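Since the structure comes first, as structure tokens, the remarks are kept for the end.
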Amino acid sequence: MAVTRFAPSPTGYLHIGGARTALFDLIWAKNTGGKYILRMEDTDQSRNSPTAAKQVMDDLSWLGIKWDEGPEIGGPAGPYFQSQRLDIYNKYIQRLLDAGKAYYCFDTAEELERMRKEASDRKQNFLYRRPAKFPTLADVEAAKAQGRDVVVRFCMPDDEIIVNDIVRGEVRFNGKDLSDFIIQKSDGFPTYHLACVVDDELMGITHVIRGQEHLMNTPGHIVMQQAFGFKTPVYAHLSVIVSEGGGKMSKRERAKVLKAAIKKAQGLDKEKLAAIGGITIAEIDEFLSGDAMPDTPAIDAMAGYLKIELPEINIVDFFKSGFLPETLVNFIALLGYSPPIDKEIMTLQEIIDTFDPTRFNKTNCLFDRKKLVAFNMEHIKMLPEEKLLSRYKDFLKEVNSPAAKADDLLLKKVLKACAGARTLAEIDHKSRFLFTADDKVEYDQKDVEKVLLKNDGEGLAMLALLKEKLAALDKISEESIENLLRGIAEQKQIGLGKVAQPLRVAICGTTISLPIFESIEMLGINATITRMERTINEYSKK
RNA sequence: GCCCUCAUCGUCUAGUGGUUAGGACACCGGCUUCUCAAGCCGGCAGCAGGGGUUCGACUCCCCUUGAGGGUACCA
131 MAVTRFAPSP TGYLHIGGAR TALFDLIWAK NTGGKYILRM EDTDQSRNSP TAAKQVMDDL
191 SWLGIKWDEG PEIGGPAGPY FQSQRLDIYN KYIQRLLDAG KAYYCFDTAE ELERMRKEAS
251 DRKQNFLYRR PAKFPTLADV EAAKAQGRDV VVRFCMPDDE IIVNDIVRGE VRFNGKDLSD
311 FIIQKSDGFP TYHLACVVDD ELMGITHVIR GQEHLMNTPG HIVMQQAFGF KTPVYAHLSV
371 IVSEGGGKMS KRERAKVLKA AIKKAQGLDK EKLAAIGGIT IAEIDEFLSG DAMPDTPAID
431 AMAGYLKIEL PEINIVDFFK SGFLPETLVN FIALLGYSPP IDKEIMTLQE IIDTFDPTRF
491 NKTNCLFDRK KLVAFNMEHI KMLPEEKLLS RYKDFLKEVN SPAAKADDLL LKKVLKACAG
551 ARTLAEIDHK SRFLFTADDK VEYDQKDVEK VLLKNDGEGL AMLALLKEKL AALDKISEES
611 IENLLRGIAE QKQIGLGKVA QPLRVAICGT TISLPIFESI EMLGINATIT RMERTINEYS
671 KK
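Counting from 131, one number per residue, gives the positions in the first sequence under the numbering used here.
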């Protein structure tokens, strides 16, 4: 029975790497019949936005990841926001201080910077080591009086520290290489290290599954656990997901693309851009020059204004691109892990049931969007009709599609006609013509040329003929339409394409759309004929 | 720089001393077709390099190279 936890720092939307960690925490717990806890690590007052925790929870929920204990649900080990547990941490920090395993210090930023520079000049890693004699409370008061910030550091021993990791095996560290790290910041908040160790114990966490970026922190955590007399949990450090350009796949990627676009944009109205992003011009300049980064909504808004596509990093990005949560879950679970069964397309339940913690692999992996698309197609095919419909409606609402207002019956027909589609966005695009006013259909000029005007307007002539025939049709059904169109093609000894394509352009404005018979049936005969007339009028005169 | 980790087709991976190195996605052909998809059939493609160990190394060891992570009063 494993008790696991996902412990995000609520700084914005949940991104793909975080989602994978969250997923494996869930899988591990559920596979062993254990418990899955969500804990918000909001100990950095400057980085945590008030809405971020909600966003992360929404994203987890969308993915179908439910926690047994945590925010909004509660539980015996709460509160589950670290910012609400300060008194607990203070008690533990005091214990370390009393035991002489932690000490106060009050270096200024400049002093620290100088020490770092000295170390790098000596071609050595910067190491903070405790003074021979720890500052007393009186020293602390004196330092405070001088206006110095006071922090608490934890004493690292010189011994070898062994981390037993499920993914990586035995990893050895030399305590001599590790700094006395800070456990309490000058604002009184604990750092990640302290809060994490204390909470894992208090919440009964047995298995810590997290990203590889935490591997170097682990020896420090283990020593601290020993100092407190805590049990050391089982560790599993997952390999990282890297993006095409190399480097960890993170939200920085999106900022990078946006920054490049802003710099490239000619005659850009910076004031307008700032207004749209809800930030100041100064903040934009700061963003362009340094490494300050606007928050996610601001980045999204500005990208929308500049009409550029940002790489998908956050879970919502994939939602908006028309991926199913089932697809993401399946795909993410296969990154750095391979199930013991010879099967790729799986439901979350199957992944949980067959989970084998020895089957993680150590290699960093690249996120292959094309494969994700292929997986999405499989999951669209696999999902029961009702479930797909509900996912599709969620999607339409999210992207503000006019189709969001359509009734279920029509949407079901659309979904059926789109069997084989790869994303929900594709389905939406292909069926937009159904939700466009008859006189608002936009014609793709290239398609018009190719299908209607070419060869002396043979397509247009076909349209005129079809209009008569369709108008004369007394029973409108997919079948009767098909019979009619096929009949004409046969009679004229031409391919069905010559008949269907002009019609398609007339009703959709483009040559890419749903199958033509279903299209007409769903659009309705009146609208079809209206659109044909409009097309004929529009292009006959030219 | 220093510390840590990793290394099988383009990508995700199977493989744990003896395999024709398997699958999936991508890609390339062909078939099918009212468009786009989908579907069906077929194909291309890999053990980073160099040393050992061994009767035998993709598999074990060492080095090189390459990649990633850490090096914060971020997590």
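In this text, a Cβ means the ideal position worked out from N, Cα and C, and glycines have one as well. These numbers come from a predicted model, not from an experiment.
Please state if the CB of residue 597 and the CB of residue 663 are separated by a distance shorter than 8 Å. Yes, the Cβ-Cβ distance between residue 663 and residue 597 is below 8 Å.
Could you tell me whether the stretch 447-456 touches the stretch 541-561, where touching means 3 or more Cβ pairs closer than 8 Å? They touch, by the three-pair rule.
Quick check: the stretch 365-373 against the stretch 481-498, are there 3 or more CB pairs under 8 Å? The answer is yes - the stretch 481-498 touches the stretch 365-373, with three or more Cβ pairs under 8 Å.
Sequence-distant residues of its chain with Cβ nearer than 7 Å to residue 528 (five each side left out): Close CB contacts of residue 528 within its chain, under the 7 Å cut and outside five residues either way in sequence, are with 449, 450 (chain order).
Cβ-based neighbour list, residue 560, same chain, cut-off 6 Å, excluding 5 preceding and 5 following: Answer for residue 560: 643, 644, listed in chain order.
Am I right that residue 674 and residue 143 are in contact with their C-beta atoms under 8 Å? What's the rounded C-beta distance? Outside the displayed span of the chain (131 to 672) sits residue 674, for which this structure offers no information.
Does the Cβ-Cβ distance between residue 654 and residue 563 come in under 8 Å? Cβ atoms of residue 654 and residue 563: not closer than 8 Å.
Reduced DSSP category for residue 312 - H, G, I as helix; E, B as strand; rest coil: In the structure shown, residue 312 sits in a strand (DSSP, three-state: E or B).
Cα separation between residue 367 and residue 351? Spanning the two alpha carbons is a distance of roughly 14 Å.
Boundaries (first-last residue) of the beta strand (DSSP E) holding residue 434: Not the beta strand (DSSP E): residue 434 falls in the alpha helix (DSSP H), residues 426-436.
Pull up the distance between the alpha-carbon of residue 261 and that of residue 299, whole angstroms please. So the two alpha carbons sit approximately 35 Å from each other.
Would you report the Cα separation of residue 207 and residue 334, rounded to the nearest angstrom? Roughly 9 Å separates the two Cα atoms.
How would you call residue 199, buried or exposed, if buried means at least 16 neighbouring beta carbons within 10 angstroms? Within a 10 Å sphere around the beta-carbon of residue 199 sit 16 or more other beta-carbons, which makes this residue buried.
Could you give the residue range of the alpha helix (DSSP H) that holds residue 322? For residue 322, the enclosing alpha helix (DSSP H) stretches over residues 322-332.
Measure the Cβ-Cβ separation of residue 256 and residue 246 and say whether it is below 8 Å. In this structure, the beta-carbon distance from residue 256 to residue 246 falls below 8 Å.
For the alpha helix (DSSP H) holding residue 482, just list the boundary residues, first then last. Boundaries of the alpha helix (DSSP H) around residue 482: 478-484.
Spell out a yes or no on whether the stretch 156-163 and the stretch 484-493 are touching, meaning 3 or more CB-CB pairs, one atom from each, closer than 8 Å. Counting Cβ pairs under 8 Å, three or more are found: they touch.
Rounded separation between residue 274 and residue 328 - CA only: About 27 Å.
Would you call the stretch 623-633 and the stretch 577-596 in contact, with 3 or more CB pairs under 8 Å? As far as the Cβ criterion goes, the stretch 623-633 touches the stretch 577-596, which means the pair count is three or higher.
Is it buried or exposed, residue 415, if we count other Cβ atoms within 10 angstroms and call 16 or more buried? Under this definition residue 415 is an exposed residue.
Might you give, ordered along the chain, the residues of its own chain that have their beta carbon closer than 7 Å to the beta carbon of residue 610, omitting 5 neighbours on each side? If you ignore the 5 residues before and after residue 610, its C-beta comes within less than 7 Å of the C-beta of 603, all in its own chain and listed in chain order.
Runs of 3 residues minimum, wholly inside the stretch 351-434: which ones carry the beta strand (DSSP E) assignment? You should have 364-368.
Separation of residue 637 from residue 646, as counted between CA atoms: The straight-line gap from Cα to Cα measures roughly 10 Å.
Going along the chain, which residues of its own chain have a beta-carbon closer than 7 Å to the beta-carbon of residue 153, five neighbours each way excluded? Closer than 7 Å at Cβ, skipping near neighbours: 195, 459, 462, 463.
If I measure Cβ to Cβ from residue 634 and keep anything under 7 Å in the same chain, skipping five residues before and after, which residues do I get? So the qualifying residues of the chain are 641, 643, 646.
Within 10 angstroms of the Cβ of residue 242, are there 16 or more other Cβ atoms? Answer buried if so, exposed if not. Residue 242 should be labelled exposed.
Whole angstroms are fine: how far does the CA of residue 659 sit from the CA of residue 566? Note on geometry: alpha-carbon atoms of residue 566 and residue 659 lie some 15 Å from one another.
Can at least three beta-carbon pairs, one atom from the stretch 305-318 and one from the stretch 273-293, be found at a separation below 8 Å? Taking 8 Å as the limit for Cβ pairs, the verdict is that the stretch 273-293 does touch the stretch 305-318.
For residue 220, the three-state DSSP class (helix, strand or coil): In the structure shown, the three-state DSSP call for residue 220 is helix.
Give me the residue from 424, 438, 384 with the minimum Cα distance to residue 673. With the chain represented from 131 up to 672, any question about residue 673 goes unanswered, as that position is not in the structure.
Three-state secondary structure (DSSP) at residue 444? The three-state reading of DSSP puts residue 444 in strand, counting E and B together.
Do you know how far the Cα of residue 324 is from the Cα of residue 401? C-alpha separation (whole angstroms): 43 Å.
Could you tell me how far apart the beta carbons of residue 470 and residue 489 are, in whole angstroms, since I believe they sit closer than 8 Å? Correct: roughly 6 Å between the Cβ atoms.
Based on Cα-Cα distance, which residue from 254, 197, 172 lies nearest to residue 215? For the options 254, 197, 172, the alpha carbon positioned closest to that of residue 215 is the one of 172.
Grab the span of the beta strand (DSSP E) containing residue 235 for me, first residue to last. Its beta strand (DSSP E) spans residues 232-235.
Since residue 155 and residue 169 are thought to touch, with beta carbons under 8 Å apart, how far apart are those beta carbons, to the nearest angstrom? Not a contact, Cβ separation roughly 11 Å.
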